Amino acid sequence: MKKITVLDLKRMKAEGKRIVMITAYDYAFAKIFDPLVDVILVGDSLGTVVYGYETTLPVTMDDMVRHTSAVARGRKRAFLVADMPFMSFQVSPEKAVENACLLLKEGGAEAVKLEGGVTMFETIRKITSCDIPVMGHVGLTPQSIHRMGGYRIQGREKEARKRLLEDAKAVEEAGAFSLVLEGIPSEVAEEITESVSIPTIGIGAGPYCDGQVLVMHDLLGLFLDFKPKFVKRYAELAPVVEEAVKEFAREVREGKFPDSEHTFFLEEK
Ligand code: KIV
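Residue numbers (numbering that gives the first Met the number 0): 0 to 268.
As structure tokens, then:
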């Protein structure tokens, strides 16, 4: 079982092999995903799918470190990226380095991801100069929800498309090893993917990216609050879980669980 590194991800783009990334937030799922994907992202989507906040803004560094370390313990092979939460990197490049460092030292991440393009140039440069690999993230950046006026597809107008391309190039030039493209038209994602040498990983950005990522709760049908157009549910686990818990509740109420097979005795038969 060969460990995946930044070098493999770079090579995959060069060889036209698509990169598979999924989010995870705990040990059990990380263990299941590890042999199946190239990259595991501990996303700040943690805030919405695990903690039930309306946005990702309340997620803290403590949350990210705790969940990243849980995922790190379940992962051996996949490359592990941790998201930098809101206000952990925007205040100053120095603060960003300190927090990125915590995600590696205490969380066990191998890289960090942060949202933003041109405006994050210095920050990405500073973090990568400390040998911490950075994954960029441009387009629909959920931490900018209030500036964007909601979760809106970005880069549809000519000017916005031009700005997005500039953002992507700035992220590359600052030294990032890869770039998430979220919530942008397929044609724009294709243009960016062809214009940068680092792998692009799309979510709601069409098929022409170098890789794709989905939030695990969306992919598995565990998060039912809403379903954006780009989400494909590869399983419908919520009803499966519901059935299992219903059965457990019924057996407890009817005195059928635990039966002798699931009970300890002074002397085992
Ligand atoms: O927080 C997250 O899970 C993400 C991915 C959706 C790219 O940023």
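Glycine residues also receive a C-beta, built at the ideal position from the N, C-alpha and C atoms. Model, not experiment: these values are computed from the prediction.
Leu223 is not bridged by DSSP to any residue. One thing to note: Val70 has its Cβ within 8 Å of the Cβ of Tyr26. In the DSSP assignment, Ile131 falls outside any beta strand (DSSP E), carrying neither H nor E. Between Gln142 and Phe222, the C-beta gap is not smaller than 8 Å, which leaves the two residues out of contact. Met0 sits in coil when the DSSP states are folded into three classes, being neither helix nor strand. Shortest Cα-Cα distance from Ala23 to any of Asp61, His66, Asp62 and Thr47 involves His66. Here the distance from the Cβ of His136 to the nearest heavy atom of the ligand KIV is below 7 Å. With a threshold of 16 other beta carbon atoms within 10 Å, Asp82 meets it and is buried.
DSSP places Phe247 inside the alpha helix (DSSP H), whose first and last residues are Leu236 to Arg252.
Distance check between Glu109 and each of Met119, Phe120 and Arg74 places Arg74 closest, using alpha-carbon atoms only. Taking non-hydrogen atoms of the ligand KIV into account, the C-beta of Leu102 is found less than 7 Å away from none of them.
Three or more pairs of CB atoms, one per stretch, sit closer than 8 Å, so the segment 176 to 185 contacts the segment 195 to 213. Ala29 sits buried, since 16 or more C-beta atoms from the chains shown fall within 10 Å of its C-beta. Judged by DSSP in its simplified three-state form, Leu180 adopts strand. Within 10 angstroms of the beta-carbon of Ser91 lie fewer than 16 other beta-carbons, which makes it exposed. Here the alpha carbons of Leu6 and Lys255 stand approximately 55 Å from one another. The Cβ atoms of Ile39 and Ile18 do not sit closer than 8 Å to each other. Taking C-beta atoms as the reference points, Phe78 and Ile3 count as a pair closer than 8 Å.
Ile152 has its Cβ no nearer than 7 Å to any heavy atom of the ligand KIV. Residue burial is scored here from C-beta neighbours: Asp33 has at least 16 other C-beta atoms within 10 angstroms and is therefore classed as buried. Three or more beta-carbon pairs separated by less than 8 Å are not found between the segment 117 to 129 and the segment 149 to 157, which leaves the two stretches without contact. Here the alpha carbons of Thr140 and Val58 stand approximately 15 Å from one another. In the structure shown, Leu6 adopts helical secondary structure according to DSSP, grouped into three states. Straight through space, the alpha carbons of Cys100 and Lys231 are spaced by roughly 34 Å. Fewer than three pairs of CB atoms, one per stretch, sit closer than 8 Å, so the segment 157 to 176 makes no contact with the segment 202 to 209. A distance criterion of 7 Å places the beta-carbon of Thr22 in contact range of the ligand KIV, judged by its closest non-hydrogen atom.
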